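Colleague: I have a structure I would like to understand better, so I am pasting it below and will then ask my questions one at a time.
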Amino acid sequence: MLKVFSFDAWGQRRNAVDWSALLGDKLTGFSSSLTSRGYTGHEMLDQVGLVHMNGRIYDPRLARFLQADPYVQSPDYSQSHNRYAYIWNNPLNSTDPSGYFRLREWVGVIVAVVGGGYLRCTLCKVWLGDGRPWSRFRCGRCCR
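When we follow full-length UniProt numbering, the leftmost residue of the sequence shown carries the number 1, and every step to the right adds one.
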């Protein structure tokens, strides 16, 4: 192991041995030649005590974003309207590498679309075989 990093529940760096907060002169003197990335892969700006999350700036001492999320991801879900929240206040199930959208949501959609199309074409080719039993059903261009 090259280096051990520790963060509190709000993303602020802490001492990995005794979990004491790295504040003031301790934080100013802290330097990492290995990485400037934190737990979620976002850039830790230790000199000013902020986290650059690619789309927004987060202050772990305030436990708040300094600006609102410009996108409402799902208007029918109440947590989407809290534009200062991080991934709908559910950081254990998702991450937000861009600073704007939940990663889990988009990965699920992409996998469903690509996987569904592939499965449909594969099943059509297997079931159609010589074309007699299912000939009245069309499977799309990929099966022709």
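Heads up, the beta-carbon is just placed ideally off N, CA and C, and yes, glycines get one too. The model shown is predicted, which means the values in this text are computed figures rather than measured ones.
1) Put Ser94 into one of helix, strand or coil per three-state DSSP.
2) Using the C-alpha atoms, what's the distance from Phe5 back to Trp88?
3) DSSP puts Ser6 in a beta bridge; with which residues?
4) Thinking C-alpha only, which one of Ser94, Ser74, Phe7 and Asn93 is nearest Asp46?
5) Can the beta-carbon of Met53 be found less than 8 Å from the beta-carbon of Arg13?
6) Can you name the residues that DSSP bridges to His52?
Modeller: So, from the listed chains and residues:
1) Coil, per DSSP.
2) Their backbone Cα atoms lie some 25 Å apart in a straight line.
3) For Ser6, which the question treats as bridged, DSSP gives the partners Arg14.
4) That would be Phe7, whose Cα lies nearest to the Cα of Asp46.
5) Going by C-beta atoms, Met53 is not nearer than 8 Å to Arg13.
6) DSSP lists Glu43 and Ile57 as partners of His52.
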